[in-house]
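Novice:
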Amino acid sequence: MLKRLSHSGFDLLIRFFQVFKYLNFKTLIKIVRRAAYHRLPGLSAEIAFNAIFALFPAALAVLSAIGLFELSENNFRTLTNQVSQVIPEQALILTSDALQYLRSRSSQSLFSLSFVAAIWVSSSVTGATMAALDQIYRIPRDRVRPFWQMKLIAIALALGTVLLLVAALLIVVLSDITVQIVAFQSGSFAHVLFQLWHHLSLPIALSIVALALGFIYRHGTSHWKHGRPIMPGAILAAILWAILSGLLRFYVARVSNFNQVYGAIGAVIVLLLWLYFSAFSMLLGGLFNSVVGEAMQKKIDRE
Numbered sequence: 006m007l008k009r010l011s012h013s014g015f016d017l018l019i020r021f022f023q024v025f026k027y028l029n030f031k032t033l034i035k036i037v038r039r040a041a042y043h044r045l046p047g048l049s050a051e052i053a054f055n056a057i058f059a060l061f062p063a064a065l066a067v068l069s070a071i072g073l074f075e076l077s078e079n080n081f082r083t084l085t086n087q088v089s090q091v092i093p094e095q096a097l098i099l100t101s102d103a104l105q106y107l108r109s110r111s112s113q114s115l116f117s118l119s120f121v122a123a124i125w126v127s128s129s130v131t132g133a134t135m136a137a138l139d140q141i142y143r144i145p146r147d148r149v150r151p152f153w154q155m156k157l158i159a160i161a162l163a164l165g166t167v168l169l170l171v172a173a174l175l176i177v178v179l180s181d182i183t184v185q186i187v188a189f190q191s192g193s194f195a196h197v198l199f200q201l202w203h204h205l206s207l208p209i210a211l212s213i214v215a216l217a218l219g220f221i222y223r224h225g226t227s228h229w230k231h232g233r234p235i236m237p238g239a240i241l242a243a244i245l246w247a248i249l250s251g252l253l254r255f256y257v258a259r260v261s262n263f264n265q266v267y268g269a270i271g272a273v274i275v276l277l278l279w280l281y282f283s284a285f286s287m288l289l290g291g292l293f294n295s296v297v298g299e300a301m302q303k304k305i306d307r308e
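Using our numbering, the letters of the sequence shown map in sequence onto residues 6 to 308.
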């Protein structure tokens, strides 16, 4: 049994690295053409539009769940600092009042109400994502899931994503506490440990994002073909998401003042742009898996 699992894991590792052999100019051109054909910008806008309505109840549900663990103010500030590394500051301002309200309320009552509402509302985002993935993976109409089945799976995906996010945030808090304890015991090496943790926090966060995207890619489409890449596209999407988020933060902070141009809705515009870039990165990762998977299948058929 152990030998079989080891052999299977080795095969998966080989297939993972084989995918990167297809990273060439021809693949890039095909991805651009397919992105235009499937209207990737339009699909991303649709997902971002649904996400703007689901963001606040989902944030309340996640923070309520974290509140059940009775985190200290320092731990809560650690979470905020980690999130602020990715989300533009103007977008975080929108949630500041909700966060303060949440901290002053009972976590248990908010968790029971907000969590159920958030999962239902968030299922519209995962539902739009599933429909977009079906287009990207060229699923025939007769193989597309019926509405009731798609809705149930969308709810399950939303639940899984929220729980994964809660687990990820708790890992960040526990890791930060562990680093502080070890640094306190290590004395002169404390500064080195803090610097190491500071540099590792972003790769850890991106790894969790990639796992969440892989979960969506695998279970979001109506029909999954065995051997199609999953994690290569998820890793690519996570890296692209981090790059686009960083560029947006830089542009908003250094180049343009959205509050002067758009007035009171400047923060809303920034949030919509960030959600749009997030959706675009996710769909582009799925498109990469689709294009490379088709190329790999053609090579197998020729052999």
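We put the CB at the ideal spot given by N, CA and C, even for glycine.
Values in this document were obtained by computation on a predicted structure and should not be read as measured data.
1) The alpha helix (DSSP H) with TRP309 in it runs from where to where?
2) Compare the C-alpha of ILE124 against each of ALA163, TRP229, ILE244 and name the closest.
3) Would you check if there are 3 or more beta carbon pairs closer than 8 Å linking the stretch 153–168 to the stretch 203–215?
4) Out of TYR256, GLU51, LYS31, point me to the one whose CA is closest to THR134's CA.
5) Thinking just about the alpha-carbon of each residue, which of PHE255, PHE220, ARG259, HIS43 is nearest to the one in ARG143?
6) Measuring straight from C-alpha to C-alpha, what distance separates LEU115 and MET301?
7) Among LEU45, PHE58, ALA63, LYS303, which has the Cα closest to the Cα of HIS232?
8) At the level of alpha carbons, what is the spacing between ASN55 and LEU280?
9) Helix or strand or just coil, what does DSSP make of GLY232?
10) On the three-state DSSP scale, how would you describe LEU10?
11) Can you name, in chain order, every residue of its own chain whose Cβ lies under 6 Å from the Cβ of LYS35, other than the five neighbours on each side?
12) Could you compute how far the alpha carbon of ILE240 sits from the alpha carbon of TYR222?
13) Taking buried to mean at least 16 other C-beta atoms within 10 Å of its own C-beta, is ASP147 buried or exposed?
14) Which word fits ARG254, buried or exposed, when buried means at least 16 other C-beta atoms lie within 10 angstroms of its C-beta?
15) Taking Cβ positions, are MET287 and LEU218 nearer each other than 8 Å?
16) According to the Cβ coordinates, are PHE285 and LEU45 closer than 8 Å?
17) Quick one: is PHE293 buried, meaning 16 or more other Cβ sit within 10 Å of its Cβ, or exposed?
18) Do LEU48 and ALA137 have their C-beta atoms within less than 8 Å of each other?
19) For ALA242, which residues in the same chain have their Cβ closer than 7 Å to its Cβ, ignoring the five residues on either side in sequence?
20) Just to confirm, are ALA63 and LEU277 a CB contact at a threshold of 8 Å?
21) Would you please state the rounded distance, in angstroms, between the beta carbons of GLY132 and ALA159? I believe it to be under 8 Å.
22) Between HIS228, GLY251, PHE220, LEU252, which lies nearest to PRO237 when the distance is taken from Cα to Cα?
23) Would you call PRO234 buried or exposed, if buried means 16 or more other Cβ atoms sit within 10 Å of its Cβ?
24) Just verifying my parser: in three-state terms, what is the DSSP assignment at ASN29?
25) Whose C-alpha, out of ILE57, LYS26, ALA272, GLN140, is nearest the C-alpha of ALA40?
26) With a threshold of 16 other CB atoms inside 10 Å of the CB of ALA172, please say whether the residue is buried or exposed.
27) Could you give the C-beta distance for SER129 and VAL167, rounded to a whole number, given that I count them as a contact under 8 Å?
28) Would ALA272 be called buried (16 or more neighbouring beta carbons within 10 Å of its own) or exposed?
29) From the DSSP output, in three-state form, read off TYR337 for me.
Specialist: With the structure as the only source:
1) The question about residue 309 has no answer here: the residues shown for the chain are numbered 6 through 308.
2) ALA163
3) no
4) GLU51
5) HIS43
6) Here LEU115 scores only 48 on pLDDT, less than 50, and its place in the model should not be relied on; the value that follows carries that caveat. When rounded, the distance between both Cα atoms is 48 Å.
7) The question names His, yet the displayed sequence has Gly at residue 232. Comparing Cα positions, the closest option is LYS303.
8) 10 Å
9) coil
10) At LEU10, the pLDDT of 44 sits below 50, so the modelled position is not reliable; the number obtained from the coordinates is stated separately. LEU10: helix per DSSP, three-state reduction.
11) VAL296
12) Their backbone Cα atoms lie some 12 Å apart in a straight line.
13) exposed
14) buried
15) yes
16) Their beta carbons are under 8 Å apart, which means PHE285 touches LEU45 by this criterion.
17) buried
18) For the pair LEU48 and ALA137, the CB atoms are nearer than the 8 Å cut-off.
19) LEU218, SER286, MET287, LEU289, GLY290
20) no
21) 4 Å
22) PHE220
23) buried
24) coil
25) GLN140
26) exposed
27) About 14 Å; that fails the 8 Å criterion.
28) buried
29) No answer is possible for residue 337: it lies beyond the span of the chain, which begins at 6 and ends at 308.
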